[in-house]
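Student: Quick one: the structure is below, and I'll ask about it shortly.
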Amino acid sequence: MEEVALNTKMENLKLHGFWYSPFTMRVVWTLKLKGLPYENIEEDRYNKSPQLLEYNPVHKKIPVLVHGGKPICESMIIVQYIDELWPQNPLVPLDPYERAQAMFWVAYSEQMIPAQKEKDVEKALENFKVLEDHCLADKRKFFGGDKINIVDIAIGSLFAFFVTIEDIKQEKVLVAERFPLLHLWFDNFKNISIIKENFPDREKMSATIKSIMERRRAMEAGKSYISPFILRTD
Ligand SMILES: N[C@@H](CCC(=O)N[C@@H](CS)C(=O)NCC(=O)O)C(=O)O
Numbered sequence: 000m001e002e003v004a005l006n007t008k009m010e011n012l013k014l015h016g017f018w019y020s021p022f023t024m025r026v027v028w029t030l031k032l033k034g035l036p037y038e039n040i041e042e043d044r045y046n047k048s049p050q051l052l053e054y055n056p057v058h059k060k061i062p063v064l065v066h067g068g069k070p071i072c073e074s075m076i077i078v079q080y081i082d083e084l085w086p087q088n089p090l091v092p093l094d095p096y097e098r099a100q101a102m103f104w105v106a107y108s109e110q111m112i113p114a115q116k117e118k119d120v121e122k123a124l125e126n127f128k129v130l131e132d133h134c135l136a137d138k139r140k141f142f143g144g145d146k147i148n149i150v151d152i153a154i155g156s157l158f159a160f161f162v163t164i165e166d167i168k169q170e171k172v173l174v175a176e177r178f179p180l181l182h183l184w185f186d187n188f189k190n191i192s193i194i195k196e197n198f199p200d201r202e203k204m205s206a207t208i209k210s211i212m213e214r215r216r217a218m219e220a221g222k223s224y225i226s227p228f229i230l231r232t233d
């Protein structure tokens with residue numbers, strides 16, 4: 000009986016995303032950690048599908064999860080939605096206080112995005128120091144403790160993007176000497192088998208992001224490009 004209910008809930012999950020987007024990664028990792036099959040719909044950032052525009056008419060952005068024909072937008076809201084419906088391998092703590100703590104750091108991760116968007120390295124370093132001092136100082140393996148939780152998903156995706164920018168700029172900022180605990184955490188995170196299997200290929204990711212940045216620059220120079228940088232949050 001329970002299995003039937005589970006199957007019904009599993010019906011018809013579709014994900015509209017860009018494989019290289021940190022926001023899409025959050026949803027992919029969550030679906031995979033939950034063991035949920037879904038149809039992947041790879042969107043073209045320069046030519047979005049009519050369905051995407053219909054599903055997310057406000058922001059016109061990916062990711063959008065479509066469940067039984069109904070769209071859910073905003074990556075961290077999607078992660079919470081999935082976690083609520085499919086509680087196996089829980090990501091959001093059940094205890095209200097622990098949940099409040101986790102959601103504080105999820106909110107903090109969202110505040111970290113503008114520094115990356117504006118390539119403000121000083122600000123990014125400040126953010127990393129906060130995480131190192133306030134989240135990992137007790138030498139926990141993950142932000143969630145012994146197991147990953149929603150905070151690891153939120154921050155892990157931003158780090159996947161940050162190391163790509165490091166590769167492109169050929170400048171290492173997230174060095175072990177400066178941030179030993181964050182460095183260790185990121186290694187632990189990337190080595191979780193589901194994350195490892197679904198972590199974008201480093202070279203392919205750098206090449207793709209580099210070409211997006213070059214195209215943006217070229218279009219800005221020609222003043223014909225109106226869409227801002229990939230990590231725009233407004
Ligand atoms: N806050 C949103 C951010 C989503 C977002 O910025 N998506 C970008 C891709 S990484 C996008 O769709 N960009 C296309 C555009 O701006 O036209 C979330 O967490 O889902």
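For the sequence shown, numbering that gives the first Met the number 0 assigns the number 0 to the initial residue and increments by one for each residue that follows. Where a beta carbon is used, it is the ideal one built from N, C-alpha and C, also for glycine.
#1: Could you check if isoleucine 61 belongs to the surroundings of ligand 1, using beta carbon to heavy atom distance under 7 angstroms?
#2: Taking the C-alpha atoms as reference points, what is the distance between glutamate 42 and serine 48?
#3: Answer yes or no: do valine 63 and valine 105 have a C-beta to C-beta separation smaller than 8 angstroms?
#4: Is the separation between the beta-carbon of asparagine 197 and that of valine 26 shorter than 8 angstroms?
#5: Suppose only complete runs of 4+ residues qualify. What are the alpha helix (DSSP H) ranges in the region 133-175, listed by chain order?
#6: Whole angstroms are fine: how far does the CA of histidine 182 sit from the CA of valine 174?
#7: Does DSSP put histidine 182 in a helix, a strand or coil?
#8: Buried or exposed, going by whether 16 or more other CB atoms sit within 10 Å of the CB of proline 227?
#9: Does at least one heavy atom of ligand 1 sit under 7 angstroms from the Cβ of serine 74?
#10: Just the C-alpha distance for arginine 231 and proline 86, rounded to the nearest angstrom, thanks.
#11: Whose CA, out of Tyr19, Leu14 and His15, lies closest to the CA of glutamate 202?
#12: Would you call the CB atoms of lysine 33 and isoleucine 81 closer than 8 angstroms?
#13: If we ignore side chains and look at the alpha-carbon of each, how far apart do isoleucine 164 and aspartate 119 end up?
#14: Ignore the nearest five residues each way along the sequence and tell me which others in glutamate 38's own chain have a CB closer than 6 angstroms to its CB.
#15: Could you tell me which whole alpha helix (DSSP H) segments of length 4 or greater appear in the region 34-74?
#16: Nearest to lysine 128 by CA position, among Glu176, Ala220 and Leu30, is which residue?
#17: Okay, do the region 94-111 and the region 143-159 touch, 3+ Cβ pairs below 8 angstroms being the bar?
#18: Determine the burial state of valine 57: buried for a count of at least 16 other Cβ atoms within 10 Å of its Cβ, exposed for fewer.
#19: Taking only the alpha-carbon atoms, compute the straight-line gap between leucine 180 and lysine 59 and give it to the nearest angstrom.
#20: Work out the CA separation of serine 156 and glutamate 97 for me, nearest whole Å.
#21: Using the Cα positions of alanine 123 and asparagine 88, report the straight-line distance between them to the nearest angstrom.
#22: With the cut-off set at 8 angstroms, would you say phenylalanine 158 and phenylalanine 185 are in Cβ contact?
Tutor: This is what the structure gives:
#1: yes
#2: 7 angstroms
#3: no
#4: no
#5: 149-168
#6: 7 angstroms
#7: helix
#8: Confidence is the limiting factor: at proline 227 the pLDDT is only 48, short of 50, which leaves the residue's position unreliable, though a coordinate-based value still follows. Burial call: exposed.
#9: yes
#10: Confidence in arginine 231 is poor, its pLDDT being 43 and thus under 50, which makes the residue's placement too unreliable to answer from.
#11: Tyr19
#12: yes
#13: 12 angstroms
#14: Lys13
#15: 49-54
#16: Glu176
#17: yes
#18: exposed
#19: 37 angstroms
#20: 22 angstroms
#21: 30 angstroms
#22: yes
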